[in-house]
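Colleague: Using the working numbering, read the sequence shown as starting at 136 and increasing by one per residue.
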Amino acid sequence: MMEAVKYIEKHTQWHQGSKNKVNSIITVNNDVLESDIAAVLNIKELEAPRIHIFSTESELQGTFIAFDSVFPSIAKAGGVMAAVLKLLATYYMFDLAYPKPFSMVLGIMQTFVMEEPYKKETSKKYKTFIKSLRSIYN
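1. Assuming residue 191 and residue 166 make a contact with CB atoms under 8 Å, what is their CB distance in whole Å?
2. Can you look up residue 231 in the DSSP assignment and give me helix, strand or coil?
3. Beta-carbon separation of residue 195 and residue 211 under 7 Å?
4. Starting from residue 187, follow the alpha helix (DSSP H) in both directions and report where the run begins and ends.
5. Compute the Euclidean distance between the alpha carbons of residue 234 and residue 241, then round it to the nearest angstrom.
6. Quick check on this structure: which residue in 270, 267 and 226 has the alpha carbon closest to the alpha carbon of residue 249?
7. Report yes if the C-beta distance between residue 186 and residue 160 is below 7 Å; otherwise report no.
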């Protein structure tokens, strides 16, 4: 599922120019000691909610949604799919606007998972991507 999210982000993102790094709704943290996970999750106040995945070479340590010093854990069995759904639910529950770097991928999820059209401004890549998805599902 993580590869699918990265694919959607790449194919729907706003044009950033060649030098700008695009933020993802998923941050993967490798080889972080369990005692240091809380420090990594301690994000800036009012920073956009996002998914943090912690893993070692051999196992998944944990998956969290981090926002405003709250970081609920996602059951390991649920995986990235559960985390993406809970992230979308977080934006709905707290009536948060999608930040621009995340808006296209969350707009796709809203349209196809929640079956509610995304009505905000969209990128050209988003329009092309959603048109191709609709042709598959219609």
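Built from N, CA and C at the ideal position, the CB exists for glycine as well.
Modeller: Well, looking at it:
1. What you label residue 191 is simply residue 56 of the sequence shown in a count that begins at 1. What you label residue 166 is simply residue 31 of the sequence shown in a count that begins at 1. That pair is a contact at about 6 Å.
2. Indexing the sequence shown from 1 puts residue 231 at position 96. Residue 231 falls in the coil class under three-state DSSP.
3. For this step, residue 195 is matched to residue 60 along the sequence shown. For this step, residue 211 is matched to residue 76 along the sequence shown. Cβ atoms of residue 195 and residue 211: closer than 7 Å.
4. As a working note, residue 187 is residue 52 in the sequence shown. Not the alpha helix (DSSP H): residue 187 falls in the beta strand (DSSP E), residues 185–190.
5. If you number the sequence shown from 1, residue 234 lands on position 99. If you number the sequence shown from 1, residue 241 lands on position 106. Using only the alpha carbons, I get a separation of about 9 Å.
6. Position 114 of the sequence shown, counting from 1, holds the residue named residue 249. Nearest option by C-alpha distance: 226.
7. For the purposes of this step, residue 186 is taken as the residue at position 51 of the sequence shown. For the purposes of this step, residue 160 is taken as the residue at position 25 of the sequence shown. Yes. Within cutoff.
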